[in-house]
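Report on the following structure.
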Amino acid sequence: MPIDQANRLCALAGIDIPIIQAPMTYIAGAQLAGAVSNAGALGIIETTSEQGRADVRRVHQLTDRPVGANIALLFNRDPAVIDLLAANNIRFVTTSAGDPMLFTARLHDAGITVFHVVGTLAAARKAVDAGVDGLVVEGVEGGGFKNRFGASTMVLLPLVAAHVDVPIVAAGGICDARSMAAALVLGADGVQMGTRLLASADSPVHGNLKQAVVSADETSTVLLPLDGRRMMRVIRTPAAEKLDASDSFEEGGAALQRVQRLYFDGDMDASVANTGQVAGRIDDLPPAADIIARMWSGCRQVLAATAERLPSSAGS
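With the numbering used here, letter number 175 in the sequence shown gets 272, and the count goes up by one each step, no holes.
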């Protein structure tokens, strides 16, 4: 399939389908990213963990398609990570959780395209002023760290799209053809998915967590103030509810140190798992390639069917 030069995300990332995978810490490694990239979308490898950085080196054993990476600026301020990415043919990076000024110029010097993750219009403007090539606009319904006063994707995405002139990837609440079509109508050039790809056959997480996502409804996540400053959206389990009722931020920090036991050993009481509200719309665990293929073909069908339902004129 030829790269669609009319779509700004596809043209910049060198991909066929304007979908990218979210950089979930510990989860977004070579296994999942390779499967997503092989499907024609863009797999993303997280670089916060030691394993993630190792997977940057090995992912090209699993795919010959473009692969991207994420730099969480709050946790990774060493510019050596840029050398690692450039040496391993990573040409697309999302930056998040920090000042976009920190690495944007250095990444550009290394020939790398930069999209910065934002959750407010002010942050979007700051990132554009810093020279980023595009934005990942993430609503508060998405999993992971969130602004306590953040807006939903339905509000945030068209607001940002009306005030910036760079490509936008929509994140938060995206899992299928209809939600992707909505994001494109609201001003996005493509979409990012985390929870939907966590709940896939190619995801490395334990089946207990995948089943918790499949069993979730639309009320099955909660925003926890884990460190006294930022909020984190997680799946609502007894462990999460216990932390929600606690006044101790230390307990939340300690729980995060045990998250790999939850992710990979399946101990749902060990920690809390970043999960978006969209878990309430997920009911199966197919391969990532199937998710992406049916989402992309379905998105175009939804847009065409929507256009056919519109009246031909205001007076009709």
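Glycine included, each C-beta is placed from N, C-alpha and C at the ideal position.
Using the C-alpha atoms, what's the distance from residue j back to residue i?
i           : j           : result
residue 230 : residue 341 : 38 Å
residue 404 : residue 272 : 22 Å
residue 234 : residue 213 : 8 Å
residue 186 : residue 226 : 27 Å
residue 358 : residue 339 : 18 Å
residue 389 : residue 176 : 33 Å
residue 400 : residue 276 : 11 Å
residue 408 : residue 367 : 54 Å
residue 121 : residue 291 : 7 Å
residue 124 : residue 296 : 11 Å
residue 106 : residue 266 : 8 Å
residue 328 : residue 163 : 32 Å
residue 360 : residue 370 : 8 Å
residue 217 : residue 391 : 31 Å
residue 355 : residue 336 : 12 Å
residue 116 : residue 232 : 14 Å
residue 311 : residue 384 : 14 Å
Count the other C-beta atoms from every protein chain shown that fall within 10 angstroms of the C-beta of residue i, then say buried if there are 16 or more, exposed otherwise.
i           : result
residue 204 : buried
residue 149 : buried
residue 252 : exposed
residue 282 : exposed
residue 333 : buried
Would the beta-carbon of residue i fall within 8 Å of that of residue j?
i           : j           : result
residue 238 : residue 377 : no
residue 182 : residue 166 : yes
residue 195 : residue 171 : yes
residue 119 : residue 268 : yes
Do we get a CB-CB distance below 8 Å when we pair residue i with the residues of chain D?
i           : result
residue 212 : Although the question refers to chain D, the structure presented lacks it and comprises just one protein chain.
Among the candidates the options, whose CA atom is the shortest distance from the CA of residue i?
i           : options            : result
residue 142 : 106, 351, 296, 189 : 189
residue 364 : 127, 307, 206      : 307
residue 222 : 262, 395, 116, 309 : 262
residue 157 : 216, 132, 103      : 132
residue 79  : 259, 264, 117      : In the structure as shown, the chain starts at 98 and stops at 413, and residue 79 therefore has no counterpart that could be examined.
residue 245 : 330, 299, 126, 191 : 330
Is residue i close to the ligand SAH? I mean its beta-carbon at under 7 Å from any heavy atom of the ligand.
i           : result
residue 124 : As for the ligand SAH, it is missing from this structure, which has no ligand bound.
Are the stretch 110-119 and the stretch 132-150 touching, with three or more C-beta to C-beta distances below 8 Å?
yes
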